[in-house]
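*Asks:*
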Amino acid sequence: MFNENYTVIKRFLLLLFVYGAVNFDYAEGMTWPPTTPPPTTAPTSPSMTVWTTTSPSMTVWTTTTPPATTTVWTTTTALTTIVPGTTTISSPTLTDHDFAKLLTKDFLSDIDERIIPVNNKSNPIQIKTAFVPVSLIEFDTTNQKFSMLGYMRVVWYEETISWDEDDYGGIKHMIVPSTTVWRPTITIHKAYNGKGLVGNKLTDQIRIGQTGHIQWVPKGTYSVVCDVDIRYYPFDEQICKIVYYAADESIDRVELNHNDEVLMRSLNKNENAAWKIHKVERNKFIRSNNYHIEIIFYLSRRPNYAMYTLIVPLLMLSALNVCMFLVPIESGEKGGFAITIFLSYGIYISILSDKLPHNSLQTSFFIVFLTLLLVFSVVSVLYSVIEAKLVVSIGAKHCLLGCFCSQNKCKPGNDSNETTKKSKTWSDVFRKLDIIIFVVYVILILVISITFFCMMARQISKDKD
Numbered sequence: 097m098f099n100e101n102y103t104v105i106k107r108f109l110l111l112l113f114v115y116g117a118v119n120f121d122y123a124e125g126m127t128w129p130p131t132t133p134p135p136t137t138a139p140t141s142p143s144m145t146v147w148t149t150t151s152p153s154m155t156v157w158t159t160t161t162p163p164a165t166t167t168v169w170t171t172t173t174a175l176t177t178i179v180p181g182t183t184t185i186s187s188p189t190l191t192d193h194d195f196a197k198l199l200t201k202d203f204l205s206d207i208d209e210r211i212i213p214v215n216n217k218s219n220p221i222q223i224k225t226a227f228v229p230v231s232l233i234e235f236d237t238t239n240q241k242f243s244m245l246g247y248m249r250v251v252w253y254e255e256t257i258s259w260d261e262d263d264y265g266g267i268k269h270m271i272v273p274s275t276t277v278w279r280p281t282i283t284i285h286k287a288y289n290g291k292g293l294v295g296n297k298l299t300d301q302i303r304i305g306q307t308g309h310i311q312w313v314p315k316g317t318y319s320v321v322c323d324v325d326i327r328y329y330p331f332d333e334q335i336c337k338i339v340y341y342a343a344d345e346s347i348d349r350v351e352l353n354h355n356d357e358v359l360m361r362s363l364n365k366n367e368n369a370a371w372k373i374h375k376v377e378r379n380k381f382i383r384s385n386n387y388h389i390e391i392i393f394y395l396s397r398r399p400n401y402a403m404y405t406l407i408v409p410l411l412m413l414s415a416l417n418v419c420m421f422l423v424p425i426e427s428g429e430k431g432g433f434a435i436t437i438f439l440s441y442g443i444y445i446s447i448l449s450d451k452l453p454h455n456s457l458q459t460s461f462f463i464v465f466l467t468l469l470l471v472f473s474v475v476s477v478l479y480s481v482i483e484a485k486l487v488v489s490i491g492a493k494h495c496l497l498g499c500f501c502s503q504n505k506c507k508p509g510n511d512s513n514e515t516t517k518k519s520k521t522w523s524d525v526f527r528k529l530d531i532i533i534f535v536v537y538v539i540l541i542l543v544i545s546i547t548f549f550c551m552m553a554r555q556i557s558k559d560k561d
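The numbering used here puts the sequence shown at residues 97 to 561.
Dropping the structure here:
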């Protein structure tokens, strides 16, 4: 009885000793995965043995004196008891989740996201970018705001990360938050809202490959200030640029690159109703000791809306302005008609001023065209007022101007073709003057309109070339 109790107590103390030794070794920095492979069957040696393994599922293997049992300690299970010399040891299977946790612990626990991941600091890290525009959200020419929906594909290599997929359950890549590793601080130049930082630290994720290949795809709406050229409005073409760079990094630390071309497949599928993007180019240059990537958009306005809402009504107003000279002065409606046309021009200009940028550096030819028509309207109002005053004052009096006031007529029944002169009043003179001014106005408006449309047509043909 005493011997049996002694044997039980001895085994219990031995197990406690082994357990304490294993945990002590692991706490003192036992490498993982271990480097020495274990045997495949239990040994028969009477001494206690501790093996480390390369399998992520097994930490140590301890044995006791035969015919006692052999105890296997693992990382994922409790101890496993086998018969020495007869049982084949197999490593417990880890789940994909276990391998992912192990991979994250091995390679991401000691990474400092503030340090550029290069082994040789004399060589700058290569950052490859590709800006992919998806759709033109807004181009506000009044506020000179250009907004493009799209995303960037940013790729670089983390030299401190590399693993063999066979050691980690076949995992070839992992997706982690963007704040886990170092990433370039890409900033948009001339951002409209003043906040040009690309990406969102709270939502962005980064894909890390087994060779250290890292891909970051920040998405968003990129709004920049675009200088607008309004000279040929509404047949204008604009050039807007989205420029970005790696902030707080010099050319000897970060080299920013872009693909050879900008993909436009998404833009062609999501066309804007007011603007058409003809082509997109990219450019790379150095400014302030930083690499800058410039994405250039060539746009042209779709003129159909402006044609039917601006130009056609304007031409109709000019035609009505000319017809004012055909209204008889005796009707009393001539002055009121002229003032109504002038007020229509005023309302028209106020509506148009909200659509054009407040730009004093350039003048739109369309505004010049509108201003000339407005001047004609003002002259028409002044003429109608002066004419009404003169008709009231001297309209019934005989005209003293021979060229306007006399008219030769044959006297009826006179064989000798004797003619008589009939005197005319000032009212008759004003009627003739109305016809003359009507013809002059028609000619002037036609000349101005043809000149304006010829300039617009030349701009359109130049844009197509």
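Quick reminder that beta carbons are idealized off the backbone N, C-alpha and C, glycines included.
All values reported here derive from a predicted model rather than from experimental measurement.
Which complete alpha helix (DSSP H) runs does the stretch 440 to 492 hold, if anything under 4 residues is left out?
*Replies:* Correct list: 461 to 490.
*Asks:* Have a look at 470, 309 and 371 and flag the residue whose alpha-carbon is nearest the alpha-carbon of residue 330.
*Replies:* Residue 371 is the option with its Cα nearest to residue 330.
*Asks:* Measuring straight from C-alpha to C-alpha, what distance separates residue 454 and residue 288?
*Replies:* Using only the alpha carbons, I get a separation of about 17 Å.
*Asks:* Between the alpha carbons of residue 418 and residue 286, how many angstroms are there, rounded?
*Replies:* Those two C-alpha atoms are separated by around 48 Å.
*Asks:* Between the Cα of residue 366 and the Cα atoms of 196, 328 and 246, which residue gives the shortest distance?
*Replies:* Residue 366 has its Cα closest to that of 246, out of 196, 328 and 246.
*Asks:* Tell me the start and end of each unbroken alpha helix (DSSP H) in the stretch 376 to 413 that is at least 4 residues and wholly inside, in chain order.
*Replies:* If we require 4 residues or more, the stretch 376 to 413 turns out to have no alpha helix (DSSP H) run fully inside it.
*Asks:* What would DSSP say about residue 304, mapped onto helix, strand or coil?
*Replies:* In this structure, residue 304 counts as strand in the three-state DSSP scheme.
*Asks:* Per DSSP, residue 248 forms a beta bridge with which residues?
*Replies:* Answer by DSSP bridge pairing, in chain order: 227.
*Asks:* Kindly give me the distance between the Cβ atoms of residue 230 and residue 249, rounded to whole angstroms, as I take these residues to be in contact under 8 Å.
*Replies:* Not confirmed; about 13 Å, so no contact.
*Asks:* Can you give, in chain order, each stretch of the beta strand (DSSP E) that sits fully within the stretch 291 to 375 and has at least 3 residues?
*Replies:* Segments of the beta strand (DSSP E) lying fully in the stretch 291 to 375: 301 to 305, 309 to 312, 315 to 321, 333 to 342 and 350 to 354.
*Asks:* What does the alpha-carbon distance come out to for the pair residue 305 and residue 363?
*Replies:* Near 30 Å, if we compare the C-alpha coordinates of residue 363 and residue 305.
*Asks:* Using only alpha-carbon positions, find the residue among 468, 300 and 539 that is nearest to residue 276.
*Replies:* Of the candidates 468, 300 and 539, the one whose C-alpha sits nearest the C-alpha of residue 276 is 300.
*Asks:* Just mark residue 345 as buried or exposed, buried being the case when its beta carbon has 16 or more other beta carbons within 10 Å.
*Replies:* By the 10 Å Cβ count, residue 345 comes out buried.
*Asks:* Taking C-alpha atoms, which residue in 556, 351, 532 and 528 lies nearest to residue 214?
*Replies:* Measuring from the Cα of residue 214, the nearest candidate turns out to be 351.
*Asks:* Do residue 244 and residue 338 have their C-beta atoms closer together than 8 Å?
*Replies:* A contact, by the Cβ cut-off of 8 Å.
*Asks:* Helix, strand or coil: which one does DSSP assign to residue 222?
*Replies:* If DSSP states are grouped into helix, strand and coil, residue 222 belongs with the strands.
*Asks:* Can you grab the Cα-Cα spacing for the pair residue 425 / residue 435, in whole Å?
*Replies:* Taking the straight line joining both Cα atoms gives about 15 Å.
*Asks:* Beta-carbon within less than 6 Å of residue 224's beta-carbon, same chain only, minus the 5 sequence neighbours each way: which residues are those?
*Replies:* Here the set comprises 251 and 353.
*Asks:* Can you give me the start and stop residues for the beta strand (DSSP E) that residue 270 sits inside?
*Replies:* Start and end: 269 to 273.
*Asks:* Got a sec, what are the start and stop residues for the beta strand (DSSP E) residue 283 sits in?
*Replies:* Per DSSP, residue 283 belongs to the beta strand (DSSP E) from 282 to 285.
*Asks:* Given a threshold of 16 other Cβ atoms within 10 Å of its Cβ, counted over all protein chains shown, does residue 432 qualify as buried or as exposed?
*Replies:* Residue 432 is exposed by the Cβ-count criterion.
*Asks:* So, at 6 Å on beta carbons, what are the nonlocal neighbours of residue 527 in its own chain, with the 5 sequence-adjacent residues on each side left out?
*Replies:* Closer than 6 Å at the Cβ level, and outside the excluded window around residue 527, lies no residue.
*Asks:* For residue 530, which residues of its own chain have a beta-carbon under 6 Å away from its beta-carbon, when the five flanking residues on both sides are left out?
*Replies:* Excluding sequence neighbours, residue 530 sits near 421.
*Asks:* Would you please state the rounded distance, in angstroms, between the beta carbons of residue 411 and residue 545? I believe it to be under 8 Å.
*Replies:* Contact holds; Cβ gap of about 7 Å.
*Asks:* Just to confirm before moving on: does the CB-CB distance between residue 270 and residue 200 stay below 8 Å?
*Replies:* Yes, these two residues count as a Cβ contact at 8 Å.
*Asks:* Assign residue 254 to one of two classes, buried (16 or more other C-beta atoms within 10 Å of its C-beta) or exposed (fewer than that).
*Replies:* Its Cβ being crowded by 16 or more others within 10 Å, residue 254 is buried.
*Asks:* When you compare each of 317, 308 and 307 to residue 296 by their alpha carbons, which one comes out closest?
*Replies:* Taking only the C-alpha atoms, the option nearest residue 296 is 317.
*Asks:* Using the Cα positions of residue 551 and residue 324, report the straight-line distance between them to the nearest angstrom.
*Replies:* Distance between the alpha carbons of residue 551 and residue 324: 19 Å.
*Asks:* Please state the DSSP three-state secondary structure of residue 545.
*Replies:* Reduced to three states, the DSSP call for residue 545 is helix.
*Asks:* Quick one: using the 10 Å Cβ neighbour count with 16 as the cut-off for buried, is residue 406 buried or exposed?
*Replies:* Classification of residue 406: buried, given that the 10 Å Cβ count is 16 or more.
*Asks:* Which residue wins for smallest C-alpha separation from residue 355, given the options 284, 483, 219 and 391?
*Replies:* Among 284, 483, 219 and 391, the Cα nearest to that of residue 355 belongs to 391.
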